[in-house]
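Trainee: Under UniProt numbering, think of the first position of the sequence shown as 1, with each following residue one higher.
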Amino acid sequence: EADNIPTQVQQALRRIIEKASSNVKFILLCNYINRIIDPIVSRCAVFRFTHLTKNKIVERLRFIADKEKLQIPQTHANKFYDTLFFISGGDLRKAINTLQMSVALELIDKLDPNEILKISGFLDDITLEKLMDAIKTKDIDEVKRLFDTIENIDSRNFIRQIIERIDDLNIQSKDYNDIIAFFGDVDYRISQGADEKIQLIALIGQLIRNINL
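(1) Which same chain residues end up closer than 7 Å to I190 when comparing Cβ atoms and leaving out the 5 residues on each side of it in sequence?
(2) Only counting the same chain, and skipping five residues up and downstream in sequence, which positions put a Cβ closer than 8 Å to that of T127?
(3) May I have a chain-ordered list of the alpha helix (DSSP H) segments no shorter than 4 residues that lie completely inside the region 15-70?
(4) Considering Cα atoms alone, identify which of G89, S120, I96 and P113 is closest to K79.
(5) Under 7 Å Cβ to Cβ from M101, same chain only, skipping five residues before and after it: list those, please.
(6) Inspect the beta-carbon positions of I57 and A95 and report whether they are closer than 8 Å.
(7) Look at the alpha carbon of E115 and the alpha carbon of K69, and state the distance between them as a whole number of angstroms.
(8) To the nearest angstrom, how far is the alpha carbon of R93 from that of T7?
(9) Report the option in I5, G184, T53 and V24 whose CA atom is closest to the CA atom of F85.
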């Protein structure tokens, strides 16, 4: 997690790398390379790893579940692993953490994907469908009512869910670029401390304005 190292400490690390480069090899792992200072990046061979495929992640999760002797009913297993993969976004570590959390909270026994989605900061399927219906019918009052019932939503997870369903909305292709740019603006404003609820409702309002009934 080298991207969590403060900039001043990275400057010191750069000097250490310079002095020890003749007999020491440094391996730095990070999620966001833009947080690593340029003098360090320029001294490294950069390898970028892509997200894992669904098959790879599900295969590993099944292996772990088998070794840990988790009792997952076969009738619900596929939906359960699909949910874990969706939450992970291709990140195996996140998928394993979600599996562990599901076990710790005894959600394995119920195998309710909606509960797993909610504790992971996502909208459950039922609420998401209601929200999409409200957007399609341009019912901003229903949107506000739904937001009043939502708890522990993560703004980036919410944005991701809406983006993945944006093709369900009747939006002209010429407006797509502006809408996606607005998604980015909302994400940035939230990262700078803006009120999440206000920003996400503003995002929905922007979608509603661009829907053709």
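We treat Cβ as the ideally placed atom computed from N, Cα and C, and that holds for glycine.
Mentor: In terms of the structure at hand:
(1) S155, E196 and Q199
(2) L146, T149 and I150
(3) 38-41 and 54-67
(4) P113
(5) I119
(6) yes
(7) 22 Å
(8) 26 Å
(9) T53
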